[in-house]
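If you're matching them up, the sequences are chains A and V in order.
Residue numbers for the first sequence follow this note's numbering, beginning at 42 and rising by one.
Residue numbers for the second sequence follow this note's numbering, beginning at 42 and rising by one.
The beta carbon of each residue, even a glycine, is placed where N, CA and C say it ideally should be.
Number of protein chains: 2
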Amino acid sequence: MTSAPATERCLRVAVLGCGNVGGALVGILQERADALAVQSGARLAIAGIAVHDLDAPRPEHVPRALLTTDAAALVADPAVDVVVELIGGLEPAGSLVRSALDSGRPVVTANKALLASADGVALRALARERGVDLLYEAAVAGAIPLVRALRESLTGERIHRVMGIVNGTTNFILTKMDEEGADYVSVLAEAQSLGLAERDPTADVEGYDAAAKAAILAGVAFGYDVSGDAVLREGITGISSDDVAFARRSGYVIKLLAIVERSGDEGLSVRVHPALVPNAHPLAGVRDAFNAVFIEGEAAGELMLYGQGAGGLPTASAVVGDLIDASRNLLAGTTAPAPDRQPAHLVPESDLEAGFYISLDVADRPGVLGAVTTAFGSHGVSIRSVEQEGDGQGARLVFVTHRAREGDVRATLADLRGLDVVARIGGVMRIVGSS
Amino acid sequence: MTSAPATERCLRVAVLGCGNVGGALVGILQERADALAVQSGARLAIAGIAVHDLDAPRPEHVPRALLTTDAAALVADPAVDVVVELIGGLEPAGSLVRSALDSGRPVVTANKALLASADGVALRALARERGVDLLYEAAVAGAIPLVRALRESLTGERIHRVMGIVNGTTNFILTKMDEEGADYVSVLAEAQSLGLAERDPTADVEGYDAAAKAAILAGVAFGYDVSGDAVLREGITGISSDDVAFARRSGYVIKLLAIVERSGDEGLSVRVHPALVPNAHPLAGVRDAFNAVFIEGEAAGELMLYGQGAGGLPTASAVVGDLIDASRNLLAGTTAPAPDRQPAHLVPESDLEAGFYISLDVADRPGVLGAVTTAFGSHGVSIRSVEQEGDGQGARLVFVTHRAREGDVRATLADLRGLDVVARIGGVMRIVGSS
């Protein structure tokens, strides 16, 4: 297979969406045009940039002449070789991606919501059927070269578990709560004023964003089709500064984790929840808005990939990597590996196992500890440590359990709620790496 | 391009060397044969395993019938499709790799010494000329998918700096010195008894191993040909428990780093030395024999890849990733990207800049501090902090400088050596991330 010199070839790229990421991408395609031509095997020319509003403010470097509001026409243009979708959300992004793939054009996207939807499954199938690339490194953990590592480097590896800090907003909030002892509400307000959290922070703080990424990881790391809706999900809004302080003095830090792990021969558990992570664990040191994904493989052992999970330039950097890949594959007549996926057998939450942190406000009188521990014991939940603080009015009991079935822990909590000596059940959180 | 079902194809793999890595590789190729066939597009059959001694003890799973002592004949066998070189060292490994590439067969190797030698440059050129893959993910940082991340995901990225903990033995020693307050000699002995350090530990503790990996990183991350011999190199044998204790109480941890960074428009600095790393830096949390590489890119920002840098199974895992890649490329008639490399303009050590930690044993009498600080000042080395400890006999002064030219710091040290109030210059170490 002989090649004409790279400079004689040209691939025309349609860019759909020109927000932070699209704007940064257009800048990189211009500034690094020569280097990218060498890497891609062809010059990457911008065929057009589809936007919602031609007159919205944009960086200087975005050429006005390339803007169009007709994304569908841009995708349908036969002169377009590759489509980059950065609009986000389900529609019109989904239809545009479908149209591009259907006509045999590779697509690069950062759209986690689309990929984690039922449409995502269909779009991957369509890409395979048409023999074109559908690449989405930027959809999980931004600039971190995670998808390619899983798809290519670790493709021969049997992966047992993937645990990720994949949402920068919640990691920023939890880091501030840990380092400054601040409470959730005030740190959320700070994150909002810094532009790190949306005015409606639900997608981040309730774990929806992380759940979509967990679903994508289940596909890339384990080869299972999982929809974002099927991911067990718990957010960080219930975490108190008392929970954070207990974790801190006990050698843990609280992180919102997206976890995908094998369970038994056929089962898979895909979930998002806050967890107590021991200080010595590599994920514990991931601060502020950074992301990291910790991978446990049979031969490779423990791996972690760390970096910026969001932001225009870092996300655009991941898009550029995919774009080079798509270009090279297009010129070579191949595609990136995209193995078959199977539907996942998701393990019910009640069958999962973990050590638990459980904080209870109780009456400060004799016999309380006995009543409470009896509730644990009657469901086979073994206590590893208990700490008591009295404050005159009542007392707080903080339990750390040995590894227990979640169903048993929930039954214990139901019993505890029924005890009149228990005033309130405070924080309940899983512990990572406990035995 | 249509493909026959994967199971109908077969690629024959020659395995050269059957130590820890080779033995683990043979095991993975057998145990995961079906999964690997799907990933590779062909069944990977072991054509032969070249060993030095047929009768050496080996794991049960290594088929005796495939062993041969004639590596050259195995490589020359026209039935062999891919060659995996795990012998290590320059010869005969170099000639065998040359012979395989010359006859158009892709090679996967974990041989950092070979790749960082002058032969390595020639072998990469030969692979390009013959249009075949020469892949070496396993040569730097073991199981960590670093080479592919740099070669593919970050290929569009302008990388400013790469800093790696790439030698597990020295990181184990430094971790123990930090966590247990032990001295170098006793921890080295412990590492030797655990099999983590060689009886002759020179290659690890003097930084030769890390220097070879730094040279390879200069190629993969920056596109420059650098030989391991050209890498500035300083080991860990001079680090005292006092140095470690100072670092600890000042919020640092000492790590042996391989650093490759751009300097000015054209220059490159490639070096290995111990450095004080701030506790909040992601590299500071890399403990024991783990490896990690921290990458600073223009668009991607800060990235870190962490994992096991050595060991049979983790290294074999990286070899398997490359083997799948080589197989897929062979079947598709393509090769992995292997851009042109240029000779590097290496920056002289004296022009590099860093903050410095400098520990001096001095006479405990008036005027000493003045004499010493004058020496710093006369070379324009600005002092950020100084700490004094007296012990009756004499005193110790520990300086931390602002960022300074290394040439100026060395001139300062020469002056200090000439002062009769300076009894001894103790630890001198660069600080990472200082301003």
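>> Closest to residue 488 of chain A by C-alpha separation, out of A:472, A:370, A:343, would be which residue?
In response: The structure shown does not extend to residue 488 of chain A, since chain A is modelled only from 42 to 476, so the question has no answer here.
> Which partner residues does residue 442 of chain A have in the DSSP bridge list?
Replying inline: As a first step, residue 442 of chain A must be located in the first sequence, where it is residue number 401. DSSP lists A:424 as partners of residue 442 of chain A.
> Nearest to residue 256 of chain A by CA position, among A:280, A:236, A:309, A:295, is which residue?
Replying inline: Here residue 256 of chain A corresponds to residue number 215 of the first sequence, with the count starting at 1. Selected option, being the one with the closest Cα: A:309.
> So which residues on chain V does residue 470 of chain A lean against when the C-beta distance must stay under 8 angstroms?
Replying inline: Indexing the first sequence from 1 puts residue 470 of chain A at position 429. Within 8 angstroms Cβ-Cβ: nothing; residue 470 of chain A doesn't reach chain V, min ~22 angstroms.
>> Threshold first: 4 residues or longer. Then list the alpha helix (DSSP H) segments lying entirely within the segment 184 to 238 of chain A, N to C.
In response: Along the length of the segment 184 to 238 of chain A, whole alpha helix (DSSP H) runs at least 4 residues long occupy 209 to 221, 225 to 234, reported in chain order.
> residue 480 of chain V versus chain A: which residues are under 9 angstroms apart at the beta carbon?
Replying inline: With chain V running from 42 to 476 in the structure shown, residue 480 of chain V is simply not present.
> What distance in whole Å lies between the Cβ atoms of residue 253 of chain A and residue 154 of chain A, which are believed to be in contact at a cut-off of 8 angstroms?
Replying inline: The count along the first sequence starts at 1 and reaches residue 154 of chain A at position 113. The count along the first sequence starts at 1 and reaches residue 253 of chain A at position 212. Sure, about 6 angstroms apart at Cβ, within 8 angstroms.
> Do residue 162 of chain A and residue 299 of chain A come within 9 angstroms of each other at the CB atom, strictly closer than that value?
Replying inline: As a working note, residue 299 of chain A is residue 258 in the first sequence. As a working note, residue 162 of chain A is residue 121 in the first sequence. At the C-beta level, residue 299 of chain A and residue 162 of chain A stay beyond 9 angstroms of one another.
> Do residue 275 of chain A and residue 313 of chain A come within 9 angstroms of each other at the CB atom, strictly closer than that value?
Replying inline: For the purposes of this step, residue 313 of chain A is identified with residue 272 of the first sequence, where counting begins at 1. For the purposes of this step, residue 275 of chain A is identified with residue 234 of the first sequence, where counting begins at 1. For residue 313 of chain A and residue 275 of chain A, yes; Cβs fall inside 9 angstroms.
> If we cut at 9 angstroms on Cβ distances, does residue 399 of chain V have a partner in chain A?
Replying inline: Within the second sequence, numbered from 1, the residue matching residue 399 of chain V stands at position 358. No - not a single Cβ of chain A is within 9 angstroms of the one on residue 399 of chain V.
>> Could you give the first and the last residue of the continuous beta strand (DSSP E) run that contains residue 402 of chain A?
In response: Counted from its first residue, the first sequence places residue 402 of chain A at position 361. Residues 394 to 404.
>> Using C-beta distances below 6 angstroms, list every residue in its chain close to residue 379 of chain A, excluding the 5 sequence neighbours before and after it, in chain order.
In response: If you number the first sequence from 1, residue 379 of chain A lands on position 338. If we look at residue 379 of chain A and ignore the five residues flanking it on each side, its Cβ neighbours are 169.
>> Measuring alpha carbon to alpha carbon, tell me which residue in A:82, A:63, A:116 is nearest residue 370 of chain A.
In response: Locating residue 370 of chain A in the first sequence gives position 329, counting from the first residue. Nearest C-alpha to residue 370 of chain A: A:82.
> Are any of the Cβ atoms in chain A nearer than 9 angstroms to that of residue 369 of chain V?
Replying inline: Along the second sequence, read from residue 1 onward, the residue named residue 369 of chain V stands at position 328. Output row for residue 369 of chain V: interface = yes.
>> Against chain A, with Cβ distances strictly below 9 angstroms, would residue 331 of chain V count as a contact?
In response: On the second sequence, position 290 is the one that residue 331 of chain V refers to. Yes - at least one Cβ of chain A is within 9 angstroms of the one on residue 331 of chain V.
> Along chain V, in chain order, which residues have C-beta atoms closer than 9 angstroms to that of residue 101 of chain A?
Replying inline: On the first sequence, position 60 is the one that residue 101 of chain A refers to. Result: empty, since nearest Cβ-Cβ is about 18 angstroms, beyond 9 angstroms.
> Ordered along the chain, which non-local residues of its own chain (more than five positions away) have a Cβ less than 6 angstroms from that of residue 218 of chain V?
Replying inline: Numbered from 1 along the second sequence, position 177 holds the residue referred to as residue 218 of chain V. Hits under 6 angstroms: 228, 285.
>> What ranges does the alpha helix (DSSP H) occupy inside the segment 353 to 400 of chain V, keeping only unbroken runs of at least 4 residues that lie completely in it?
In response: You should have 353 to 373.
>> Quick check on residue 319 of chain A: does DSSP put it in helix, strand or coil?
In response: As a first step, residue 319 of chain A is located in the first sequence; it is residue number 278 there, counting from the start. Residue state, collapsed to three classes: strand.
> Once you ignore the five residues that flank residue 156 of chain A on each side, which residues in its own chain have a CB closer than 6 angstroms to its CB?
Replying inline: Here residue 156 of chain A refers to the residue found at position 115 when the first sequence is read from its first residue. Non-local beta-carbon contacts of residue 156 of chain A in its own chain, meaning distances under 6 angstroms to residues more than five positions away in sequence, involve 177, 180, 257 in chain order.
> With burial defined as no fewer than 16 other Cβ atoms inside 10 Å of the residue's Cβ, what is the status of residue 126 of chain A: buried or exposed?
Replying inline: Sequence index remark: in the first sequence, residue 126 of chain A carries index 85 (1-based). Here residue 126 of chain A is buried, its C-beta having at least 16 other C-beta atoms within 10 Å.
> Among residues of its own chain, excluding the 5 on either side of residue 400 of chain V, which ones have a beta-carbon nearer than 6 angstroms to its beta-carbon?
Replying inline: Indexing the second sequence from 1 puts residue 400 of chain V at position 359. The answer, listed in chain order, is 439, 467, 468.
> Where residue 95 of chain V and residue 107 of chain V are concerned, what is the direct C-alpha to C-alpha distance, given to the nearest angstrom?
Replying inline: Position 54 of the second sequence holds residue 95 of chain V. Position 66 of the second sequence holds residue 107 of chain V. Those two C-alpha atoms are separated by around 10 angstroms.
> Looking at the structure shown, is residue 132 of chain V part of a helix, part of a strand, or coil, going by DSSP?
Replying inline: Residue mapping note: residue 132 of chain V aligns to position 91 of the second sequence, counting from 1. DSSP places residue 132 of chain V in coil when its eight states are reduced to three.
> How many whole angstroms separate the CB atoms of residue 376 of chain V and residue 173 of chain V, which I take to be in contact at a CB cut-off of 8 angstroms?
Replying inline: Taking the second sequence and counting its residues from 1, the one referred to as residue 376 of chain V is at position 335. Taking the second sequence and counting its residues from 1, the one referred to as residue 173 of chain V is at position 132. Contact between residue 376 of chain V and residue 173 of chain V holds: their C-beta atoms lie close to 6 angstroms from each other, under 8 angstroms.
> Under a three-way DSSP split, which group does residue 160 of chain V fall into?
Replying inline: Here residue 160 of chain V is taken as the residue at index 119 of the second sequence, counted from 1. For residue 160 of chain V, the three-state secondary structure derived from DSSP is helix.
> Going by Cα to Cα distance, which pick from A:183, A:278, A:372, A:415 is closest to residue 450 of chain A?
Replying inline: If you number the first sequence from 1, residue 450 of chain A lands on position 409. If you compare the alpha carbons of A:183, A:278, A:372, A:415 with that of residue 450 of chain A, the shortest gap goes to A:415.
> What residues are listed by DSSP as bridge partners for residue 109 of chain A?
Replying inline: Working through the first sequence from its first residue, we reach residue 109 of chain A at position 68. According to DSSP, residue 109 of chain A shares a beta bridge with A:91.
> CA-CA distance, residue 476 of chain A and residue 426 of chain A?
Replying inline: Counted from its first residue, the first sequence places residue 476 of chain A at position 435. Counted from its first residue, the first sequence places residue 426 of chain A at position 385. Caution is warranted here: a pLDDT of 49 is assigned to residue 476 of chain A, below 50, making its placement in the model unreliable, and the coordinate value is therefore given only provisionally. The alpha-carbon atoms of residue 476 of chain A and residue 426 of chain A are separated by roughly 13 angstroms.
> Using 8 angstroms as the threshold, is the segment 381 to 388 of chain A in touch with the segment 355 to 370 of chain A, meaning 3 or more CB pairs across them?
Replying inline: Contact fails: fewer than three Cβ-Cβ distances are below 8 angstroms.
> Around the Cβ of residue 59 of chain V, are there at least 16 other Cβ atoms within 10 angstroms (buried) or fewer (exposed)?
Replying inline: Here residue 59 of chain V refers to the residue found at position 18 when the second sequence is read from its first residue. Under this definition residue 59 of chain V is a buried residue.
> Under 9 angstroms between the Cβ atoms of residue 54 of chain V and residue 454 of chain V?
Replying inline: Position 13 of the second sequence, counted from the first residue, corresponds to residue 54 of chain V. Position 413 of the second sequence, counted from the first residue, corresponds to residue 454 of chain V. Not closer than 9 angstroms, so no.
>> Taking 6 angstroms as the limit between beta carbons, can you name the residues of its chain near residue 349 of chain V, skipping five residues before and five after?
In response: Position 308 of the second sequence, counted from the first residue, corresponds to residue 349 of chain V. So the qualifying residues of the chain are 183, 184, 355.
> Is it true that the CB of residue 390 of chain A sits closer than 9 angstroms to the CB of residue 447 of chain A?
Replying inline: Here the question's residue 447 of chain A lines up with position 406 in the first sequence. Here the question's residue 390 of chain A lines up with position 349 in the first sequence. The answer is yes: Cβ separation under 9 angstroms.
> In this structure, does DSSP put residue 150 of chain A in helix, strand or coil?
Replying inline: Residue 150 of chain A sits at position 109 when you count from the first residue of the first sequence. Three-state DSSP puts residue 150 of chain A in a strand.
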